[in-house]
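Colleague: Note that the protein sequences, when read in sequence, are chains A and B.
Be aware that the first sequence starts at 1, since it is given in the UniProt record's numbering, and climbs by one per residue.
Be aware that the second sequence starts at 1, since it is given in the UniProt record's numbering, and climbs by one per residue.
All C-beta atoms in this analysis are idealised placements derived from N, C-alpha and C, irrespective of residue type, glycine included.
One structure, pasted below without further comment.
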Amino acid sequence: MRVLYFAWVRQKVGIAEEIVAPPAEVRDVATLVAWLAARSPGHAAAFANPKQLRAAVNQDFATPDHPVAANDEVAFFPPVTGG
Amino acid sequence: MAKVLVQAAPFDAGAETAALTAGRTDVGGVASFLGACRSDDGLEAMVLEHYPGMTERAIERIAEEAEGRWPLTGCTVIHRVGRILPGEPIVLVLTASSHRAAALESCAFLIDWLKTKAPFWKREEFAGGAERWVEARAEDDAAAARW
Numbered sequence: 001m002r003v004l005y006f007a008w009v010r011q012k013v014g015i016a017e018e019i020v021a022p023p024a025e026v027r028d029v030a031t032l033v034a035w036l037a038a039r040s041p042g043h044a045a046a047f048a049n050p051k052q053l054r055a056a057v058n059q060d061f062a063t064p065d066h067p068v069a070a071n072d073e074v075a076f077f078p079p080v081t082g083g
Numbered sequence: 001m002a003k004v005l006v007q008a009a010p011f012d013a014g015a016e017t018a019a020l021t022a023g024r025t026d027v028g029g030v031a032s033f034l035g036a037c038r039s040d041d042g043l044e045a046m047v048l049e050h051y052p053g054m055t056e057r058a059i060e061r062i063a064e065e066a067e068g069r070w071p072l073t074g075c076t077v078i079h080r081v082g083r084i085l086p087g088e089p090i091v092l093v094l095t096a097s098s099h100r101a102a103a104l105e106s107c108a109f110l111i112d113w114l115k116t117k118a119p120f121w122k123r124e125e126f127a128g129g130a131e132r133w134v135e136a137r138a139e140d141d142a143a144a145a146r147w
């Protein structure tokens with residue numbers, strides 16, 4: 001699974017992307033967040049308040065209950081501020 | 001089919017507007033929104049980050065939604081990324097239609113949805129090296145929800 005980070009989420013995690021192999025109990029965005037948060041202090045800081053985060057699975061916006069699988073591209077970022 | 005560009009380089013709003021009407025006689029009006037970078041609070045630069053791939057797809061979907069709701073003869077969305085200085089343009093939305101209401105309404109719709117549904121993030125840089133990420137605004141969500 002490819003995981004991407006953008007904006008202050010990227011800064012807190014300390015990397016822009018990583019390849020991860022979460023265990024089988026990681027089934028959706030919410031359980032992936034909990035698993036990623038335990039990877040490093042930077043991850044923990046980035047995921048400290050999941051309500052501040054938005055996610056995309058395979059480049060579509062996704063809610064916490066959206067399923068994730070091994071070959072997915074999952075991204076985490078703050079609410080968008082373009083325009 | 002809308003023209004969608006995500007690019008670091010500045011754009012020429014006049015040339016883009018001319019391109020929407022070139023060789024056509026069915027265009028009754030072109031509406032435009034040009035978003036520019038302000039120097040509020042001593043801002044020195046705005047740095048725009050995006051999600052390559054998803055950004056273009058998200059804008060194309062928003063443009064398809066506009067084309068489904070209004071009878072447009074053309075539509076152009078150009079959004080810059082990277083470091084942008086005060087006074088420089090950030091985003092251009094152009095909509096062309098046979099009648100003004102469709103052009104004006106779809107242009108407002110496009111920029112309202114673009115602000116809340118396309119993966120861009122703005123970081124502000126200030127004199128002295130301070131920086132901060134722009135936070136999403138409830139007013140923008142409300143503006144997007146009215147459509």
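With a threshold of 8 Å, are at least 3 pairs of Cβ atoms found where one atom belongs to the region 13-22 of chain A and the other to the region 67-83 of chain B?
Modeller: The region 13-22 of chain A is not in contact with the region 67-83 of chain B.
Colleague: Any chance you could list the alpha helix (DSSP H) runs of at least 4 consecutive residues sitting entirely within the region 91-123 of chain B, in chain order?
Modeller: Runs of the alpha helix (DSSP H) inside the region 91-123 of chain B: 100-117.
Colleague: What first and last residue would you give for the alpha helix (DSSP H) that runs through Val47/B?
Modeller: Within the second sequence, the letter at position 47 stands for residue 47/B. That residue, Val47/B, is in no alpha helix (DSSP H); its beta strand (DSSP E) goes Leu43 to His50.
Colleague: Residues of chain B with a CB under 7 Å from the CB of Trp8/A: which are they?
Modeller: For this step, residue 8/A is matched to residue 8 along the first sequence. Under the 7 Å cutoff, chain B gives Trp133.
Colleague: Please determine if the region 48-62 of chain B and the region 105-125 of chain B are in contact, where contact requires at least 3 C-beta pairs separated by less than 8 Å.
Modeller: Taking 8 Å as the limit for Cβ pairs, the verdict is that the region 105-125 of chain B does touch the region 48-62 of chain B.
Colleague: Going by alpha carbons, who is nearest to Met1/B out of Val93/B, Cys75/B and Asp140/B?
Modeller: The residue given as residue 1/B occupies position 1 in the second sequence. When each option's Cα is compared against that of Met1/B, the closest is Cys75/B.
Colleague: Identify each residue in the region 111-123 of chain B for which the Cβ-Cβ distance to at least one residue of chain A is less than 8 Å, and report them in chain order.
Modeller: Residues passing the 8 Å Cβ filter: Ile111, Leu114, Lys115, Thr116, Lys117, Ala118, Pro119, Phe120, Trp121, Lys122 and Arg123.
Colleague: Leaving out the 5 sequence neighbours to the left and right, which residues in its chain are closer than 6 Å to Gly35/B when beta-carbon positions are compared?
Modeller: Counted from its first residue, the second sequence places residue 35/B at position 35. Taken in chain order, the residues that qualify are Ile90 and Val91.
Colleague: By Cβ distance, which residues of its chain are closer than 8 Å to Phe11/B, with the 5 residues on each side in sequence left out?
Modeller: Here residue 11/B refers to the residue found at position 11 of the second sequence. Leu5, Ile78, Arg80, Pro89 and Leu92, listed in sequence order.
Colleague: Say whether chain A places a C-beta atom closer than 7 Å to the C-beta of Glu64/B.
Modeller: Within the second sequence, the letter at position 64 stands for residue 64/B. Closer than 7 Å: no.
Colleague: Spatial neighbours of Phe76/A within its chain, please: CB distance less than 6 Å, with the 5 preceding and 5 following residues excluded, ordered by chain position.
Modeller: For the purposes of this step, residue 76/A is taken as residue 76 along the first sequence, with counting starting at 1. Here the set comprises Tyr5, Val9, Leu53 and Ala55.
Colleague: Does the distance from the CB of Val13/A to the CB of Ala46/A come in under 7 Å?
Modeller: Locating residue 13/A in the first sequence gives position 13, counting from the first residue. Locating residue 46/A in the first sequence gives position 46, counting from the first residue. Against a cut-off of 7 Å, the Cβ pair of Ala46/A and Val13/A comes out as a contact.
Colleague: Assuming Val29/A and Ala62/A are in contact, meaning their beta carbons sit under 8 Å apart, how far apart are those beta carbons, in whole angstroms?
Modeller: For this step, residue 29/A is matched to residue 29 along the first sequence. For this step, residue 62/A is matched to residue 62 along the first sequence. At roughly 6 Å, the Cβ-Cβ gap stays under 8 Å, so Val29/A and Ala62/A are in contact.
Colleague: Could you check the C-alpha separation between Thr81/A and Leu72/B for me, to the nearest Å?
Modeller: What you label residue 81/A is simply residue 81 of the first sequence in a count that begins at 1. What you label residue 72/B is simply residue 72 of the second sequence in a count that begins at 1. Roughly 27 Å between the two C-alpha positions.
Colleague: Report the three-state DSSP secondary structure of Leu4/A (helix, strand or coil).
Modeller: For this step, residue 4/A is matched to residue 4 along the first sequence. Looking at Leu4/A - three-state DSSP - the assignment turns out to be strand.
Colleague: Where does Pro78/A fall in DSSP's three states?
Modeller: For this step, residue 78/A is matched to residue 78 along the first sequence. Three-state result, Pro78/A: coil.
Colleague: Looking at C-alpha atoms only, which residue of Gly83/A, Pro79/A and Arg2/A is the closest neighbour of Leu36/A?
Modeller: Position 36 of the first sequence, counting from 1, holds the residue named residue 36/A. Closest option to Leu36/A, Cα to Cα, is Arg2/A.
Colleague: Is the distance from the Cβ of Ala66/B to the Cβ of Ser106/B below 7 Å?
Modeller: Looking up residue 66/B in the second sequence gives position 66. Looking up residue 106/B in the second sequence gives position 106. Yes, the pair counts as a contact, with Cβ atoms nearer than the cut-off.
Colleague: Using a 10 Å radius around the Cβ and a threshold of 16 neighbouring Cβ atoms, would you call Asp65/A buried or exposed?
Modeller: By one-based count along the first sequence, residue 65/A stands at place 65. Asp65/A comes out exposed.
Colleague: For a cutoff of 7 Å on Cβ pairs, would you count Val91/B as touching chain A?
Modeller: As a first step, residue 91/B must be located in the second sequence, where it is residue number 91. Chain A, which has a Cβ nearer than 7 Å to the Cβ of Val91/B, makes this yes.
Colleague: Tell me whether the beta-carbon of Ile111/B lies closer than 7 Å to the beta-carbon of Gly83/A.
Modeller: Looking up residue 111/B in the second sequence gives position 111. Looking up residue 83/A in the first sequence gives position 83. Their beta carbons are under 7 Å apart, which means Ile111/B touches Gly83/A by this criterion.
Colleague: From the beta carbon of Gly82/B, is the nearest beta carbon of chain A less than 7 Å away?
Modeller: The residue labelled residue 82/B in the question sits at position 82 within the second sequence. No - not a single Cβ of chain A is within 7 Å of the one on Gly82/B.
Colleague: Leu114/B: which of Ala130/B, Ala143/B and Val134/B sits nearest, CA to CA?
Modeller: Along the second sequence, read from residue 1 onward, the residue named residue 114/B stands at position 114. Of Ala130/B, Ala143/B and Val134/B, the residue nearest in Cα terms is Ala143/B.
Colleague: Identify the contact partners of Val80/A in chain B, using a Cβ-Cβ distance below 8 Å as the criterion.
Modeller: For the purposes of this step, residue 80/A is taken as the residue at position 80 of the first sequence. Under the 8 Å cutoff, chain B gives Lys115, Thr116, Lys117, Ala118, Pro119, Phe120, Trp121 and Ala136.
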